[in-house]
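In my numbering, the protein residues as written are 600 to 717. Using N, Cα and C, we set each Cβ at its ideal position, and we do this for glycine too.
Now the structure itself:
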């Protein structure tokens, strides 16, 4: 039986406003060689593309099935180096932190790439 985790401490609206969440289309999913977890997403944010490394190899039989889908990404995190590559955003998923097989956080219908959440 699933039991939701405790709610995190409250934060101010000013703190929340610092997080830049945008919609992007996953244009391509590529394997990160030498990694048993990571794949590289090429994500279109409308005015530019970014590489986003995500650990979904063990979560999906076919990570390429998400190509063409829109999803939510945090775009103002510091770039992070993993397996010798740089990830330029963080993809939102639902479930990973609770040990539930993750699913993408997606808009209910198509919106322009780069649209902000919030």
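Please report the residue range of the beta strand (DSSP E) in which residue 624 lies. Segment 620 to 630, the beta strand (DSSP E) holding residue 624.
Measure how close the beta-carbons of residue 666 and residue 628 come, nearest whole angstrom, since I'm counting them as under 8 Å. Between residue 628 and residue 666 the Cβ distance is about 5 Å, and since that is below 8 Å, they are a contact.
For residue 686, does the count of other Cβ atoms within 10 angstroms reach 16, so buried, or fall short, so exposed? buried
Outcome for residue 696 when other beta-carbon atoms lying within 10 angstroms are tallied against a minimum of 16: So residue 696 ends up on the exposed side.
Could you check whether the segment 640 to 658 touches the segment 669 to 683, counting it as contact only if at least three pairs of C-beta atoms, one from each stretch, sit closer than 8 Å? yes
Going by CA-CA distance only, name the one from 670, 645, 608, 632 that's closest to residue 701. 670
Skipping 5 residues on each side, what residues in its chain have a beta carbon closer than 6 Å to that of residue 624? 643, 669, 712
Which value, in whole angstroms, describes the spacing of the CA atoms of residue 600 and residue 610? 30 Å
Distance, residue 674 Cα to residue 607 Cα: 22 Å
With 16 as the cutoff for other CB atoms within 10 Å, does residue 663 come out buried or exposed? Burial is judged here by how many other beta carbons sit within 10 angstroms of a residue's own beta carbon; residue 663 has fewer than 16 and is exposed.
Are residue 717 and residue 638 closer than 8 Å when you measure CB to CB? no
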